[in-house]
Structure formats: C-alpha cells, structure tokens
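> Okay, here's the structure, questions in a sec.
Numbering (the working numbering), first residue to last: 105 to 386.
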C-alpha cells in the first residue's frame with residue numbers, strides 16, 4: 105500500500121491526515137462526521153491502552169512482537185468501535201459544528217451528562233460499572249468502620265485488578281480475593297498466592313515473581329487493606345487526605361504503595377471513574 109493512501113474507518117487504521125478535509129470543506133456535514141469518528145477512535149485507543157496497563161500480566165508471553173501486535177489490534181478495535189449510534193462521535197460532531205459556527209458551548213452527552221474534559225479521563229465501561237456494583241456493599245461496610253471512602257477503595261481495587269480482569273489467582277486458577285495487590289510481607293501468616301507481576305526498578309518495568317496475600321472473600325480483602333492504610337505509620341499522611349482524590353492518590357504514591365511512577369495519576373482516574381459510576385447507579 106502506497107504511503108498517503110486514505111483509509112476510511114472501515115479499513116485497518118484511522119488516518120489523521122483525512123482530518124484536513126474538515127478545513128477544506130468548512131462546515132460540511134460529511135467532513136464533520138468523519139472528523140468526529142477520528143477523534144472517537146483516538147479516544148477509544150487511549151482507553152484500551154489504559155485498561156491494558158491496569159491489567160496484571162502473567163509475563164509468559166510478553167515480547168516486543170506481542171506488544172506490537174496488541175497495539176495494532178487495539179488500533180483496529182478503536183476504529184471499528186467509533187462512529188456507532190449513541191457513541192461519543194455524535195456529541196463530538198455537535199460540538200465541532202457549534203465551534204465552526206461560533207456557537208461553541210460545553211459539550212453535552214445524550215441525557216445531559218457532561219462529557220470528559222480530556223481524553224485522559226477513563227471512560228466508564230460496562231465492566232467497570234459491574235465491578236463497582238459488585239463490590240459496593242463490602243466497600244461501604246468497611247468504609248463505615250475505617251473512614252476511608254468506599255469510592256476510593258473500589259477505585260483502587262479496580263485499578264489494581266484491571267477492574268476484575270487481572271485478579272490475582274492461585275496456581276490452580278482459583279481466586280485469591282486480593283483486589284489491592286498487597287504482598288505477603290510484614291509477618292503475614294495467612295494464605296499466599298505466587299504470581300509474576302510488573303515492578304518498576306529505577307523507573308524501568310521489570311517482570312518479577314512475588315508472593316501476595318490471599319483471602320477467603322472480597323470483603324476480607326477490603327478489610328485488610330483498610331487495616332494496612334489505617335494502622336501503618338507509613339500511610340499516616342494518606343489518611344489525612346481522605347477528602348481529596350488527588351491528595352489520597354499522591355499520598356499513596358509518596359508512601360511507596362506502588363513502584364509505578366505514574367501511579368497517582370492512574371489511581372486518580374480510577375477513583376473519579378468510580379465516583380461517576382456511583383452517582384449514575386444512585
């Protein structure tokens with residue numbers, strides 16, 4: 105295929121150069137629709153990327169070739185998912201139309217829900233909604249005892265477990281019920297699950313084998329997390345930030361909860377997603 109060939113959303117990839125048609129066509133409806141699809145495809149690609157980053161990997165099949173293949177697959181998915189009825193492209197198209205005619209206003213989604221201000225914000229997917237609903241009762245029970253907001257705990261559990269997709273499991277595949285990635289250190293005498301995980305060493309991701317705590321239920325996982333954050337002097341500053349999403353997430357990163365240098369930003373997105381879903385679920 106020659107370089108510069110235009111590829112439509114039905115093809116293998118979104119072509120950013122096709123957005124130039126918008127400038128040439130002015131307020132042409134077809135050009136606006138195409139541009140909106142392109143923007144939605146870019147958003148979906150970032151969403152898929154962030155979800156994969158939040159999912160624990162086994163490390164058995166990791167390679168440069170596999171990562172490239174996964175990236176290409178995500179790109180294809182993002183293109184095919186864009187432009188569907190009821191999707192972001194419809195709201196983006198309306199906003200672009202208003203901007204081109206000098207009538208720009210705050211972008212609104214169907215039903216009056218406010219659209220995310222940046223593509224960096226994690227979209228609330230069906231999996232995330234199911235995860236929040238599934239763990240709300242346990243989180244709220246522990247929140248009443250510990251003072252840690254339920255949304256903060258669910259958001260962190262979602263981030264650590266890939267919203268349930270990357271839960272820690274025993275060698276036989278049975279769940280370890282560890283939603284927070286708490287390792288079996290500090291004199292832990294309970295059950296243990298050993299897996300391959302990603303640790304950041306000197307800022308670089310490395311695959312390592314580590315032992316994690318295992319429980320008999322998800323509520324036990326929430327309770328152990330609350331004890332760790334509430335009773336350890338290491339996290340004293342975190343408890344003082346219970347009324348701030350960014351402050352809570354940054355406090356955990358400063359205290360060394362995770363080795364990922366971008367942990368605070370990722371956790372903040374997950375907590376904000378949880379808060380939005382809780383409001384939607386009533």
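All C-beta atoms, glycine included, are put in the ideal place defined by N, C-alpha and C.
None of the values given here were measured: they were computed from a predicted structure.
1. Answer with buried or exposed for residue 385, where buried requires no fewer than 16 other C-beta atoms within 10 angstroms of its C-beta.
2. Which stretch, first to last residue, makes up the alpha helix (DSSP H) that contains residue 237?
3. Residue 307: which of 367, 350, 236 sits nearest, CA to CA?
4. Express the C-alpha separation of residue 299 and residue 279 in angstroms, rounding to a whole number.
5. Helix, strand or coil for residue 253, going by three-state DSSP, please let me know.
6. How is residue 338 classed by DSSP in three states: helix, strand or coil?
7. Using 8 Å for Cβ pairs, my map puts residue 363 next to residue 303. What's the rounded Cβ distance?
8. Where do the ends of the alpha helix (DSSP H) carrying residue 368 lie?
9. The alpha helix (DSSP H) with residue 316 in it runs from where to where?
10. So, do the stretch 342-361 and the stretch 243-256 have three or more beta carbon pairs nearer to each other than 8 Å?
11. Which residues in the same chain have their Cβ closer than 6 Å to the Cβ of residue 357, if we skip the five residues on either side of it in sequence?
12. Using DSSP with H/G/I as helix, E/B as strand and the rest coil, what is residue 322?
13. Once you ignore the five residues that flank residue 286 on each side, which residues in its own chain have a CB closer than 6 Å to its CB?
14. Tell whether a beta-carbon distance below 7 Å holds between residue 297 and residue 274.
15. If distances are taken between C-alpha atoms only, which option among 344, 321, 359, 347 comes closest to residue 338?
16. What's the gap between the Cα of residue 289 and the Cα of residue 142?
17. What is the rounded straight-line gap between the Cα of residue 276 and the Cα of residue 195?
18. So the candidates are 377, 381, 383; which of them puts its Cα closest to the Cα of residue 154?
19. Compute the beta-carbon to beta-carbon distance between residue 326 and residue 246, rounded to the nearest angstrom, for a pair I have assumed lies under 8 Å.
20. Return helix, strand or coil for residue 275, following the three-state DSSP convention.
21. CA-CA distance, residue 295 and residue 282?
22. Considering only residues of the same chain and omitting the five flanking positions on each side of residue 345, which have a CB-CB separation below 7 Å?
23. Looking only at its own chain, which residues have a Cβ that is under 7 Å from the Cβ of residue 383, when we skip the five neighbours before and after it?
According to the structure data:
1. Taking the chain shown and counting its residues from 1, the one referred to as residue 385 is at position 281. Exposed, since its Cβ has fewer than 16 Cβ neighbours within 10 Å.
2. Counting from 1 along the chain shown, the entry for residue 237 is found at position 133. That run of the alpha helix (DSSP H) goes 230-250.
3. Start at 1 with the first residue of the chain shown, and residue 307 comes out as number 203. The candidate whose alpha carbon is nearest that of residue 307 is 367.
4. Locating residue 279 in the chain shown gives position 175, where the first residue counts as 1. Locating residue 299 in the chain shown gives position 195, where the first residue counts as 1. Looking at the two C-alpha atoms, the distance is approximately 12 Å.
5. In the chain shown, the residue the question calls residue 253 occupies position 149. In the structure shown, residue 253 sits in coil (DSSP, three-state: anything other than H, G, I, E or B).
6. Taking the chain shown and counting its residues from 1, the one referred to as residue 338 is at position 234. If DSSP states are grouped into helix, strand and coil, residue 338 belongs with the helices.
7. Here residue 363 is taken as the residue at index 259 of the chain shown, counted from 1. Here residue 303 is taken as the residue at index 199 of the chain shown, counted from 1. At roughly 5 Å, the Cβ-Cβ gap stays under 8 Å, so residue 363 and residue 303 are in contact.
8. Walking along the chain shown from the start, residue 368 turns up at place 264. Per DSSP, residue 368 belongs to the alpha helix (DSSP H) from 367-385.
9. Residue mapping note: residue 316 aligns to position 212 of the chain shown, counting from 1. Not the alpha helix (DSSP H): residue 316 falls in the beta strand (DSSP E), residues 308-318.
10. yes
11. Working through the chain shown from its first residue, we reach residue 357 at position 253. So the list reads 367, 368, once near-sequence residues are dropped.
12. Along the chain shown, one-based indexing puts residue 322 at 218. Reduced to three states, the DSSP call for residue 322 is helix.
13. What you label residue 286 is simply residue 182 of the chain shown in a count that begins at 1. These residues qualify, in order along the chain: 317.
14. Reading the chain shown from its first residue, position 193 is the one you call residue 297. Reading the chain shown from its first residue, position 170 is the one you call residue 274. Cβ atoms of residue 297 and residue 274: closer than 7 Å.
15. Indexing the chain shown from 1 puts residue 338 at position 234. Selected option, being the one with the closest Cα: 359.
16. One-based indexing of the chain shown puts residue 289 at position 185. One-based indexing of the chain shown puts residue 142 at position 38. Approximately 47 Å, taken between the alpha carbons.
17. Here residue 276 is taken as the residue at index 172 of the chain shown, counted from 1. Here residue 195 is taken as the residue at index 91 of the chain shown, counted from 1. Approximately 46 Å, taken between the alpha carbons.
18. Translated into the one-based positions of the chain shown, residue 154 becomes position 50. For residue 154, the nearest C-alpha among the options comes from 377.
19. If you number the chain shown from 1, residue 326 lands on position 222. If you number the chain shown from 1, residue 246 lands on position 142. Correct: roughly 4 Å between the Cβ atoms.
20. Residue mapping note: residue 275 aligns to position 171 of the chain shown, counting from 1. Coil, per DSSP.
21. Along the chain shown, read from residue 1 onward, the residue named residue 295 stands at position 191. Along the chain shown, read from residue 1 onward, the residue named residue 282 stands at position 178. Cα-Cα distance, rounded: 11 Å.
22. Residue 345 sits at position 241 when you count from the first residue of the chain shown. Contacts found: 351, 352, 355.
23. As a working note, residue 383 is residue 279 in the chain shown. Once the five neighbours on either side are set aside, residue 383 has no close Cβ partner at all.
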